[in-house]
Structure formats: C-alpha cells, structure tokens
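Undergrad: One structure follows; several queries about it will come next.
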Amino acid sequence: MSIPTATAVDTKIRIRGLSKTFTVPGGHVVTALEDFDLDVPQGQFLTLVGPSGCGKTTFLRMLAGLETPSAGTIEVNRGTAGRPENSMVFQGDSIFPWMSVWQNAAYGLSVRGVAKAEIKETVGHYLDATGLTKFADTFPHQLSGGMRQRVSIARAFANDPEILLMDEPFSALDEQNKTLLQAELLRIWDETRKTVVFITHSVDEAVTLSDRIMVMSAQPGRAKAFIDVPFDRPRDVLQLRHQPEYGEIVYDIWSQLKEEVEKAKQQADERVISSKRGLFRR
Amino acid sequence: MSATVEIAKVPPVVRAAKQVKQRRSVSKRTLRVVSVMSPLVILVTWELLSRVGVLDARFFPAPTLVFRALWDEARTGDLWTQSQHSLSRLMIGFVVGAVPGIVVGVVAGLSRVVNAAVRPIISGLYPVPKSAIFPLFLLFFGFGENTIWYFVATGVFFPVVINTYSGVANVAQIFYDVAENFGARRGRVFWSVALPGAMPSIITGVELGAGMGLIMLAIAEMLGGVGNGWGYMVWNSYQLFRIESMYAYLLVFALVGMLLALIVGLVGRRVTPWIARH
Ligand SMILES: Nc1ncnc2c1ncn2[C@@H]1O[C@H](COP(=O)(O)OP(=O)(O)OP(=O)(O)O)[C@@H](O)[C@H]1O
Ligand SMILES: [Mg+2]
C-alpha cells in the first residue's frame, strides 16, 4: 500500500510509524494502533472510517495531544503564530453544563485572553452560523441533543484553530438533523477551508463531507485504503447523492469496510471464547 | 336480552377517567393542607392533653406556654443577647470549618498525592463521634470561645471536605480533556471545570455541615462553661427546672436549623443556575 503524499510544503500533518498500546487491568496489552502512517495536506477534509474499536478516537486524541504515542511521530506544520493548533469536537456530550451556550462557544477564546470585542464578534458569528443565536443565554440542559452538538461545533470553530478534529459529531442525531448539520458544516468549512480530520461510522456522511477518506483496518488500526472524493465545492448535500459517482464511491468504501467489520466481529467473538476458556481454567 | 341488562349495569369508562382527574387536581391542595395541618394537629392535641392533665404539664408544658416563654425571652431582650452569642459562634465556626473543608476537598480531588496523604487521616477521624471529642478540645483550648469555634468548625469541616472531594473527583474526565484541548492551565481548569463541576456536591456538603455545626454548637454551649448561648439556656433552664424556657430554646434551635437549610438552599440555587429544577 502506498501513501499518497502531497508536496512537503503543503503537508499539514505528517505521521510516521505511529503506535499506541494500552495496558488494561490484569496486565493484558491492547494494541489500538500499529505502525500507522499518514499525510494530511493543508486544507484537506479527511475522514476516517473503520470498525468500532479500531483506534479512531485514540488516533484523534493523540493528534490533539491528549494521549501520548507509544511509538512513532506526529509532526504538525504550524501556521501563523497566535492561533491554536487544533480544537476537538469530542465524541459524545462534551459541552460544559455549567456554562451558557455563549460561554461554551467562547471558551477557547477566553482561555486565550482574546479581547472582549473580538470574542463578541467571533462567537456571535458562529452562534449565528449554527442557528443558536436565540439560545445564547440558555444552559445546556434546556437544549436538545442536536443543539448541544451544534454548541460543541461552534466552540471548536470559534476557537479558530489551524486543524479541526471531529469525532463522530453527528452520530447521536436523527437523520433530518444530521443532514441539516452536515449542510451547515459544509457551509462553515467553505468559509474557512481548515484542515479537518473527521471520524464517522456513516459512509454517506464521509462521502458527502470529505476530500479524502481513509478506511482503517480492524484492531490494531492501520490505514487500509484511501479513497478520493472528486465532487466540486461548494457541495449541496442532497444534490450530491444524485450524482452517478456517488453510489460508486459509497460501494467502494463499503466493500473495503465490510472485510474489516467482519474481522472486528470475529475478534470480538474470539475474545468471548477465550474469556470463557479462562473461566474454566480457574 | 339478559346480555343487554348486564351491559347496562357495567359502569362506563368515563367514570374511571373522572376519578383519575379528580384525584390529581385534589391531591396537590390536599398535600399542602395536610403538611400544614399535621404539626397543627399535634400542637393542638398536645395543648389539650397538657391542659386536661393527661400529659404532665411539668414535663410537657402546653405549646401556648412555650410560645409565651419565648415571647418573654424576646421581650426582656434575653433572646437577642443569647442569639448574638450563639449566632457569632455558629458563623465563625462555620467559616473556620467550611473554607478549609472546600480548599482541602478541592486540592485532594485534583491531586492524587494530596489525596493519598489526606484520605487516611480523614477516614480515620470521621467515624469518631464528634461529641466524644469535646473533652479533648477543652484540654487543648480550655474553657472559652476558642473551644466552641474550633469544635463547631470540626463538625462543619468533615461533611464539607468529603462532599467537596467526591464532587471534584466525580467531574467527568471529558470536561478536563476539553479544558486541556482548549489550552486551559491549572488556574483556569480549577475555576472553569473543577469548581463548577463540583458545586452541587459542595452545596450538599455545606448543607450537611451547617446542620452538623448546629449540633456541635449545642453540645459546646452545654458543656463548654461559657454561661450563655442557646445551648447553655437549654441546659440552664433544665437545671433550674424552667421547662417552658427550655422548650422555648429548643424551638429556637429548630427554627434556626430550618432557616439555615433555607438560606443554604437559596444560595445553592443561586450559585448553580444551570441545574434543572422543577
Ligand atoms: N484508556 C484506554 N485504556 C485501555 N484501552 C483503551 C483506552 N482507550 C481505548 N482503548 C482501547 O483501544 C481500542 C481503540 O479504541 P478507540 O476508542 O480508539 O476506538 P474507536 O475506533 O474510536 O471506536 P468507536 O468507533 O467505537 O468509537 C479499543 O480496543 C479500546 O478498548
Ligand atoms: Mg471513537
């Protein structure tokens, strides 16, 4: 398998030989990622798909600096000084319940000590873009799951990072809201053209949003295949699905993914059997 | 033919629906009336039994006499003098107990080293009945105000430190991850994540601490030889067999306890506006 590399100048993220192992209670070692290579060009919308447990979140957390690699390197080409390197939209509920929508969205900026007027403008803009302006003073418990997810997205975008990391940001949403938010995300992304690393289990979502899709192998996670998505931008979420290539790309990804999902299922079954054996030995 | 007769006899469904509706609309008011009535019923019964002599009026003076005694205490200014002593002890003891309780609880919740150091001490001391250590306080600090402050503070400290610690320790890891990802440093993590995340639990601790403080105050004023305060008045009235006045000060304790719970509840709601309430 060859890694499509961009020219050195354009490479935003360069990953070589990345591995991550966890030691779980009982001394058992889990290899989440093994010998993982990847180049992400500046401004690319890259999406990771792969079976559950293949190490997608682990990879993103290492990119974010929340987890240290067991081996290998992650190199990030920094841009202008003063901007944060990355901001993450976390898997699951992650906005602060004790802050209003506004305070949540402004979090990164106020941590960095950005001037009040600038915070006001930026946060106002992204609350507007995510349709949350009316809820600026609302606390999260009064919001629907979809709205909370939008706050999380506004928080990451308002921080204006060089790289945006999004871990299944729409997975908890119903189909209609998901489609709407995908459209919103495309629109906001078109404004900024940030480098994005996005995780999803939805092949449709991956094809709709991305420039390039990486299919990961079952545990331990590796890059199994890369698929380029050639559609022009700006894209229209609904029209896209009528394009003749759309179905082909979806089929292509599915056939790559299917193998790995089956492998992951087999691994899980084996784990059950071996733990049962362990029971008999005891 | 017999079938139609039977159908006619069966009560219609409408009746069931009516019943449900009635029960619901009545129940709210009934509940309020019941909770006002039940103490009143007890007081009136007590009054009657005491008046007719079923209850020994020497030990169970009629509630009207107790209120009368309380009124006398208030009129002569005694109630006010005693309350000044007790309230200042309670407040000083509360602050001296609650502030270190919150600080130690937060630090132990954030630092595993501090937690390892503090935990065995607290869990070793906590089970000792607080009233049993009063003589120790007398040994250390002698008879006087200091003893009472520190004794009250000790009672307040434990519930506050334990609840604060568990509040901080139970803030979901994801919020710390978010703070780290957005570049928050220690101070910011404390103010924006640990403290607000733990706040509901801290309030619970303060609520329990305030109640404990009142217990400690009563014990200390009875045994601490200060010669004033609500606790002293209860004990002194007992010894002088002024039972109405004893009940009057017990009533003061009850009212102060209720007031404390009310204040902590109000302040608690103020500082946690994000919690859903019905
Ligand atoms: N902190 C941890 N300690 C031990 N094992 C972990 C830890 N975090 C992740 N793992 C393991 O590493 C593997 C990869 O986990 P990860 O969360 O990255 O998967 P994922 O691809 O994001 O899955 P999903 O699609 O279900 O979110 C799993 O086997 C998981 O059990
Ligand atoms: Mg994941």
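First to last, the sequence lines map onto chains R and D.
Position one of the first sequence corresponds to residue 1 (our numbering), numbered consecutively onward.
Position one of the second sequence corresponds to residue 1 (our numbering), numbered consecutively onward.
From the three backbone atoms N, C-alpha and C, an ideal C-beta is built for every residue, glycine too.
Under 7 Å Cβ to Cβ from aspartate 35 of chain R, same chain only, skipping five residues before and after it: list those, please.
TA: Locating residue 35 of chain R in the first sequence gives position 35, counting from the first residue. Cβ neighbours of aspartate 35 of chain R beyond the five flanking positions: Gly17, Ser19, Arg222.
Undergrad: Please report the Cβ distance between alanine 206 of chain R and valine 49 of chain R, rounded to the nearest whole angstrom; I am assuming they are in contact, meaning their Cβ atoms lie under 8 Å.
TA: Reading the first sequence from its first residue, position 206 is the one you call residue 206 of chain R. Reading the first sequence from its first residue, position 49 is the one you call residue 49 of chain R. Their Cβ separation, rounded to whole angstroms, is 5 Å, which keeps alanine 206 of chain R and valine 49 of chain R in contact under 8 Å.
Undergrad: For isoleucine 42 of chain D, count the other beta carbons within 10 Å of its own beta carbon; 16 or more makes it buried, fewer makes it exposed. Which is it?
TA: Looking up residue 42 of chain D in the second sequence gives position 42. Exposed: under 16 other Cβ atoms inside 10 Å.
Undergrad: Could you pull the DSSP bridge partners for alanine 105 of chain R from this structure?
TA: On the first sequence, residue 105 of chain R is found 105 positions in, with the first residue counted as 1. Alanine 105 of chain R pairs with nothing; no bridge assigned.
Undergrad: Determine the direct distance from the alpha carbon of arginine 271 of chain R to that of glycine 27 of chain R, and round the result to whole angstroms.
TA: Taking the first sequence and counting its residues from 1, the one referred to as residue 27 of chain R is at position 27. Taking the first sequence and counting its residues from 1, the one referred to as residue 271 of chain R is at position 271. About 15 Å.
Undergrad: Asparagine 159 of chain R and serine 87 of chain R - do their beta-carbons sit closer together than 7 Å?
TA: In the first sequence, counting from the first residue as 1, residue 87 of chain R sits at position 87. In the first sequence, counting from the first residue as 1, residue 159 of chain R sits at position 159. Yes, the Cβ-Cβ distance between serine 87 of chain R and asparagine 159 of chain R is below 7 Å.
Undergrad: Mind listing, in chain order, the continuous alpha helix (DSSP H) runs of no fewer than 4 residues lying wholly within the stretch 114–151 of chain R?
TA: 116–129
Undergrad: Could you tell me if valine 123 of chain R is buried or exposed, where buried requires 16 or more neighbouring beta carbons within 10 angstroms of its beta carbon?
TA: Here residue 123 of chain R refers to the residue found at position 123 of the first sequence. Buried: at least 16 other Cβ atoms inside 10 Å.
Undergrad: Can you look up methionine 233 of chain D in the DSSP assignment and give me helix, strand or coil?
TA: On the second sequence, position 233 is the one that residue 233 of chain D refers to. Methionine 233 of chain D falls in the helix class under three-state DSSP.
Undergrad: DSSP puts valine 76 of chain R in a beta bridge; with which residues?
TA: Sequence index remark: in the first sequence, residue 76 of chain R carries index 76 (1-based). Paired residues: R:Ile13.
Undergrad: Determine, for leucine 66 of chain R, whether the minimum Cβ-Cβ distance to residues of chain D falls below 7 Å.
TA: In the first sequence, counting from the first residue as 1, residue 66 of chain R sits at position 66. Yes, its Cβ sits closer than 7 Å to a Cβ of chain D.
Undergrad: Under 7 Å between beta-carbons, which chain R residues line up against proline 196 of chain D? List them in chain order, please.
TA: Here residue 196 of chain D corresponds to residue number 196 of the second sequence, with the count starting at 1. In chain order: Trp98.
Undergrad: For tryptophan 274 of chain D, which residues in chain R fall below 7 Å Cβ to Cβ?
TA: Start at 1 with the first residue of the second sequence, and residue 274 of chain D comes out as number 274. Result: Pro97, Trp98, Phe139, His141.
Undergrad: Only counting the same chain, and skipping five residues up and downstream in sequence, which positions put a Cβ closer than 8 Å to that of threonine 7 of chain R?
TA: Taking the first residue of the first sequence as position 1, residue 7 of chain R is located at position 7. The predicted model places threonine 7 of chain R with a pLDDT of 49, which falls under 50 and marks its position as unreliable; any figure quoted below should be read in that light. None.
Undergrad: From the DSSP output, in three-state form, read off alanine 8 of chain R for me.
TA: Counting from 1 along the first sequence, the entry for residue 8 of chain R is found at position 8. The predicted model places alanine 8 of chain R with a pLDDT of 48, which falls under 50 and marks its position as unreliable; any figure quoted below should be read in that light. Alanine 8 of chain R: helix per DSSP, three-state reduction.
Undergrad: Is lysine 56 of chain R close to ligand 2? I mean its beta-carbon at under 6 Å from any heavy atom of the ligand.
TA: Here residue 56 of chain R refers to the residue found at position 56 when the first sequence is read from its first residue. At least one heavy atom of ligand 2 is nearer than 6 Å to the Cβ of lysine 56 of chain R, so yes.
Undergrad: Below 8 Å, how does it come out for the stretch 111–122 of chain R and the stretch 145–152 of chain R: are there three or more Cβ pairs, yes or no?
TA: Contact between the stretch 111–122 of chain R and the stretch 145–152 of chain R is not established, with fewer than three Cβ pairs separated by less than 8 Å.
Undergrad: Would you give the residue range spanned by the alpha helix (DSSP H) that asparagine 170 of chain D belongs to?
TA: The residue you call residue 170 of chain D lines up with position 170 of the second sequence. For asparagine 170 of chain D, no alpha helix (DSSP H) encloses it, and the DSSP letter there is neither H nor E.
Undergrad: Going by Cα to Cα distance, which pick from D:Val118, D:Gly155, D:Gly124 is closest to serine 131 of chain D?
TA: By one-based count along the second sequence, residue 131 of chain D stands at place 131. Ranking D:Val118, D:Gly155, D:Gly124 by Cα distance to serine 131 of chain D puts D:Gly155 first.
Undergrad: Under a three-way DSSP split, which group does aspartate 204 of chain R fall into?
TA: Walking along the first sequence from the start, residue 204 of chain R turns up at place 204. Looking at aspartate 204 of chain R - three-state DSSP - the assignment turns out to be helix.
Undergrad: Any beta-carbon of chain R closer than 7 Å to the one on asparagine 181 of chain D?
TA: If you number the second sequence from 1, residue 181 of chain D lands on position 181. Yes, its Cβ sits closer than 7 Å to a Cβ of chain R.
Undergrad: Scan the stretch 155–176 of chain D for residues whose Cβ lies nearer than 8 Å to a Cβ of chain R and list them as they occur along the chain.
TA: Ile174, Phe175
Undergrad: Please name the residue in D:Ala276, D:Lys28, D:Pro63 whose C-alpha comes closest to that of proline 39 of chain D.
TA: Taking the first residue of the second sequence as 1, we reach residue 39 of chain D at position 39. Out of D:Ala276, D:Lys28, D:Pro63, D:Pro63 has the C-alpha closest to the C-alpha of proline 39 of chain D.
Undergrad: Leucine 219 of chain R: beta carbon under 6 Å from a heavy atom of ligand 2?
TA: Looking up residue 219 of chain R in the first sequence gives position 219. A small correction: the amino acid at residue 219 of chain R is glutamine; leucine does not occupy that position in the sequence shown. Not a single heavy atom of ligand 2 lies less than 6 Å from the C-beta of glutamine 219 of chain R.
Undergrad: Over what stretch of residues does the beta strand (DSSP E) that includes leucine 164 of chain R continue unbroken?
TA: As a first step, residue 164 of chain R is located in the first sequence; it is residue number 164 there, counting from the start. Taken as a continuous stretch (DSSP letters only), the beta strand (DSSP E) holding leucine 164 of chain R covers 163–167.
Undergrad: Quick test of your reading: isoleucine 163 of chain R and isoleucine 13 of chain R, contact by CB under 8 Å. State the CB separation rounded to the nearest angstrom.
TA: Reading the first sequence from its first residue, position 163 is the one you call residue 163 of chain R. Reading the first sequence from its first residue, position 13 is the one you call residue 13 of chain R. Yes, they are in contact, since the Cβ atoms of isoleucine 163 of chain R and isoleucine 13 of chain R sit about 7 Å apart, within 8 Å.
Undergrad: DSSP state of alanine 286 of chain D, grouped into three classes?
TA: Nothing about residue 286 of chain D can be read from this structure; chain D reaches only from 1 to 278.
Undergrad: What are the boundary residues of the alpha helix (DSSP H) that arginine 185 of chain D is part of?
TA: Translated into positions along the second sequence, residue 185 of chain D becomes position 185. The continuous stretches of alpha helix (DSSP H) do not include arginine 185 of chain D, and DSSP gives it neither H nor E.
Undergrad: Give me the Cα-Cα distance between valine 99 of chain D and aspartate 167 of chain R, rounded to the nearest whole angstrom.
TA: Position 99 of the second sequence, counting from 1, holds the residue named residue 99 of chain D. Position 167 of the first sequence, counting from 1, holds the residue named residue 167 of chain R. Distance between the alpha carbons of valine 99 of chain D and aspartate 167 of chain R is about 40 Å.
Undergrad: Please go through the same chain and pick out, in chain order, the residues whose beta-carbon is closer than 8 Å to the beta-carbon of glutamate 180 of chain D, but skip the five residues on each side of it.
TA: Here residue 180 of chain D corresponds to residue number 180 of the second sequence, with the count starting at 1. Excluding residues within five positions, the ones whose Cβ falls inside 8 Å are Val189.
Undergrad: Compare the beta carbon distance of leucine 21 of chain R and aspartate 39 of chain R with 7 Å and say whether it is the shorter of the two.
TA: The residue labelled residue 21 of chain R in the question sits at position 21 within the first sequence. The residue labelled residue 39 of chain R in the question sits at position 39 within the first sequence. According to the sequence provided, residue 21 of chain R is threonine. The question's leucine does not apply to it. Contact: no.
Undergrad: Hey, quick one: how far does the beta strand (DSSP E) through aspartate 39 of chain R stretch, first residue to last?
TA: Counted from its first residue, the first sequence places residue 39 of chain R at position 39. Where aspartate 39 of chain R is concerned, the enclosing beta strand (DSSP E) stretches over 29–41.
Undergrad: For a test of the three-state rule: what should DSSP assign to isoleucine 122 of chain D, helix, strand or coil?
TA: On the second sequence, position 122 is the one that residue 122 of chain D refers to. In the structure shown, isoleucine 122 of chain D sits in a helix (DSSP, three-state: H, G or I).
Undergrad: With a threshold of 7 Å between beta-carbons, can serine 171 of chain R be considered close to chain D, or not?
TA: As a working mapping, residue 171 of chain R is identified with position 171 in the first sequence. No - not a single Cβ of chain D is within 7 Å of the one on serine 171 of chain R.
Undergrad: Assign aspartate 236 of chain R to one of three DSSP states: helix, strand, or coil.
TA: The count along the first sequence starts at 1 and reaches residue 236 of chain R at position 236. Coil at aspartate 236 of chain R, not helix or strand.
Undergrad: Under 7 Å between beta-carbons, which chain R residues line up against arginine 188 of chain D? List them in chain order, please.
TA: Within the second sequence, numbered from 1, the residue matching residue 188 of chain D stands at position 188. Neighbours of arginine 188 of chain D on chain R, chain order: Val111.
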